[in-house]
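Quick note: the sequence shown uses the numbering used here, first residue 114, plus one each step. A virtual CB, placed ideally from N, CA and C, is assigned to each residue, including glycine.
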Amino acid sequence: MINTKFNVRCCSAAFVVVILSVLAGCEPAKETSYTNSMGQETSHETQSKMHAALSFYYAIYREDDLNVAKHFASERMSQLIEHYGSVSAVQRYVLNRYFDRVEISIDPSSFKQYLNRDDEQRVTLVFDGSYDGEMVKDRRDIVLVKEKNVWRVDQILDPRYRP
């Protein structure tokens, strides 16, 4: 009985050591470094906003993964995504656009306060892709909010009502 407990403890300790050594060798995911139209690197705050916006859309259009998209979405947007439940439904009813292939960029000069709030930003994304063999170009405004000190996608503004 004592030997069995000793063997279990030794195996458990060895397992923990192996896991910790594997985790110690892991590097954190690197965020892409974004530049403005002049080729200059943007501020850390702007990079954080751009990373959230692009990651949200790439999760939906390239990775077909709503769980990843929800990671970059506000609580309100996450609930909306959860409600629709599938990538196709989110593309149709939330984003109002399908793509087979798409490149997404951000107009860095488009960052503006939304409703005069420091924790909300309006930004314009530019889509260049294809759907059913047709070339599609589009621009969309979104609202980013700062939740728990992290920027997240909160709203997709309808282009029909663009000011």
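Open item on the list: In whole angstroms, give me the CA-to-CA distance for L257 and N209.
Closed with: 18 Å
Task: Cβ neighbours of V263 in the same chain (closer than 8 Å, five flanking residues each side left out) - done: S161, A165
Task: Reference A172; option with closest CA among S222, R214, D231 - done: R214
Task: V215: first and last residue of the uninterrupted alpha helix (DSSP H) it sits in - done: Where V215 is concerned, there is no enclosing alpha helix (DSSP H), although the beta strand (DSSP E) it sits in stretches over 214–219.
- [ ] Inspect the CB distances between the region 178–193 and the region 238–254 and report whether three or more fall short of 8 Å.
- [x] no
Open item on the list: How far does the alpha helix (DSSP H) with Q234 in it extend, from its first residue to its last?
Closed with: Note, Q234: premise wrong, no alpha helix (DSSP H); beta strand (DSSP E) at 230–244.
Open item on the list: Could you pull the DSSP bridge partners for M248 from this structure?
Closed with: S243
- [ ] Identify, in the order they occur along the chain, each residue of the same chain with its Cβ nearer than 6 Å to the Cβ of E260, setting aside the five sequence neighbours on each side.
- [x] S187
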